[in-house]
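Undergrad:
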Amino acid sequence: MVTTEKKMNKTWKKLMALAAPASAALLMFAAVASAHVTVLPKESATGAWETYTMKVPVEKDVNTNKVVLKMPEGAAIQQYEPIPGWKTTVDKTAGKVTWEAENEGIAAGEFQRFTFVAKNPEQAGDIAWDAFQYYTDGSIVEWTGDADADTPHSITTIGAQAEGTAADAHGHAVSTDEAEVSTDAAQDDEPAVTDPAAASTEDAAADTDTAAANESPTVADTGAVSEPAAVAADAPSDTQTSQSNSVLLYLTLALSVLAIILSGAALAMRKRK
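So the sequence shown is residues -35 to -1, 1 to 238, counted in mature numbering (1 follows the signal peptide of the UniProt record, and there is no 0).
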């Protein structure tokens, strides 16, 4: 019996020695997997003026004080959203945007979102966002690798627009017929009335038509532009990461339950003796 008890104790110690590192590794992997720099949305249309949001988390114990984002080939930045405490510099010639903290920057355990508008390439395909994250200790993390790299760059898939549609200057999709009508109306909008009274009447009628048009828009707002608040609230990549982390946590819990069961079995064996 003593020999059996010793064997059980040895087996138990081996299982605990294996379970503890495995659990720690799974939790560490979950933390690192969610710390990537991402650019959303993951899908957009060719030629559209898209509102993108870059999420920059801090994965070290020191602050991030500078972020540089390089525009993908064929894409061009148009506007950016100012952020209090950050200085934004746009270099259209080099095709990059730099955000530099004026104060402490992003602290450990925090993240910051940077929103901007860029014009998508005219050709469909995947575009890569290369980002460079600077820390206060002088280190730089280059998010420029492929999908299987430790520091991968974010990818956006640019798809072709539906036939007969085009993107306006605000990024909204409109039919080509509507676009032509709008252009013709702008060209034909020349005052031809010389009578002041008649002109005043026509101006009043035009104002009434404009008000009615504003109340009942005929152009469908189905463009590729994403509202910054919507993108920031429900990010597809964040959802996928959350699902992956849940699976890892379930595995960790399963290992813990197994360890408890084995511990109970060992105690039961001792009581029988």
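Yeah, the Cβ is synthetic: ideal placement off N, Cα and C, and Gly gets one too.
Could you check the C-alpha separation between A59 and E46 for me, to the nearest Å?
TA: For the purposes of this step, residue 59 is taken as the residue at position 94 of the sequence shown. For the purposes of this step, residue 46 is taken as the residue at position 81 of the sequence shown. A59 and E46: Cα-Cα distance of roughly 20 Å.
Undergrad: Under 8 Å between the Cβ atoms of M19 and V4?
TA: For this step, residue 19 is matched to residue 54 along the sequence shown. For this step, residue 4 is matched to residue 39 along the sequence shown. Yes, the Cβ-Cβ distance between M19 and V4 is below 8 Å.
Undergrad: Run the CB neighbour count on P6, radius 10 Å, all protein chains shown included, and call it buried at 16 or more, exposed below.
TA: Position 41 of the sequence shown, counting from 1, holds the residue named residue 6. Buried, by the Cβ-count rule.
Undergrad: Can you give me the C-alpha to C-alpha distance between V21 and T11, rounded to a whole angstrom?
TA: Here residue 21 refers to the residue found at position 56 of the sequence shown. Here residue 11 refers to the residue found at position 46 of the sequence shown. Cα-Cα distance, rounded: 26 Å.
Undergrad: Measure the alpha-carbon distance for T63 versus T53 and round it to whole angstroms.
TA: The count along the sequence shown starts at 1 and reaches residue 63 at position 98. The count along the sequence shown starts at 1 and reaches residue 53 at position 88. When rounded, the distance between both Cα atoms is 6 Å.
Undergrad: Can you tell me which of the three DSSP states S104 falls into?
TA: Taking the sequence shown and counting its residues from 1, one reaches residue 104 at position 139. Of the three classes helix, strand and coil, the one that applies to S104 here is coil, per DSSP.
Undergrad: Using the Cβ count rule (16 or more neighbours within 10 Å means buried), how would you classify F(-7)?
TA: Counting from one through the sequence shown, the residue named residue -7 turns up at place 29. Here the model assigns F(-7) a pLDDT of 42, short of 50, so the residue's position is not dependable, and the following value carries that caveat. Burial call: exposed.
Undergrad: How would you label I226, buried or exposed, when you count the other beta carbons within 10 angstroms and need 16 or more for buried?
TA: Taking the sequence shown and counting its residues from 1, the one referred to as residue 226 is at position 261. With fewer than 16 other Cβ atoms within 10 Å, it is exposed.
Undergrad: Compute the Euclidean distance between the alpha carbons of K84 and Y100, then round it to the nearest angstrom.
TA: Reading the sequence shown from its first residue, position 119 is the one you call residue 84. Reading the sequence shown from its first residue, position 135 is the one you call residue 100. If you take the alpha carbons of K84 and Y100, they lie about 30 Å apart.
Undergrad: Alpha carbon to alpha carbon, what distance is there between I48 and E65?
TA: Residue numbering aside, residue 65 sits at position 100 when the sequence shown is read from its first letter. Residue numbering aside, residue 48 sits at position 83 when the sequence shown is read from its first letter. Going from the Cα of E65 to the Cα of I48 covers about 10 Å.
Undergrad: Tell me which residues share the same chain as G124 and place their Cβ nearer than 8 Å to its Cβ, disregarding the 5 neighbours each side in the sequence.
TA: Within the sequence shown, numbered from 1, the residue matching residue 124 stands at position 159. If we look at G124 and ignore the five residues flanking it on each side, its Cβ neighbours are E8, S9, A10, T11, A89.
Undergrad: Using only alpha-carbon positions, find the residue among K57, R78, W51 that is nearest to G70.
TA: Position 105 of the sequence shown, counted from the first residue, corresponds to residue 70. With distances taken between Cα atoms, G70 lies closest to W51.
Undergrad: How far does the beta strand (DSSP E) with D56 in it reach, from first residue to last?
TA: Within the sequence shown, numbered from 1, the residue matching residue 56 stands at position 91. Where D56 is concerned, the enclosing beta strand (DSSP E) stretches over 51 to 56.
Undergrad: Taking the straight line between their C-alpha atoms, what separation do you get for Q77 and H1?
TA: Here the question's residue 77 lines up with position 112 in the sequence shown. Here the question's residue 1 lines up with position 36 in the sequence shown. Cα to Cα, the separation comes out at about 12 Å.
Undergrad: I need the straight-line Cα distance from A114 to P86, nearest angstrom please.
TA: Sequence index remark: in the sequence shown, residue 114 carries index 149 (1-based). Sequence index remark: in the sequence shown, residue 86 carries index 121 (1-based). Roughly 25 Å between the two C-alpha positions.
Undergrad: Tell me whether M234 sits in a helix, a strand or coil according to DSSP, three-state version.
TA: What you label residue 234 is simply residue 269 of the sequence shown in a count that begins at 1. In this structure, M234 counts as helix in the three-state DSSP scheme.
Undergrad: Secondary structure at G90, three-state DSSP: helix, strand or coil?
TA: Position 125 of the sequence shown, counted from the first residue, corresponds to residue 90. Correct three-state label for G90: strand.
Undergrad: Taking only three categories from DSSP, how would you classify T109?
TA: Here residue 109 corresponds to residue number 144 of the sequence shown, with the count starting at 1. Here T109 sits in coil by DSSP.
Undergrad: For P22, report the span of its beta strand (DSSP E) as first-last.
TA: Counting from 1 along the sequence shown, the entry for residue 22 is found at position 57. It spans 14 to 22 - the beta strand (DSSP E) in which P22 sits, taken as one unbroken run.
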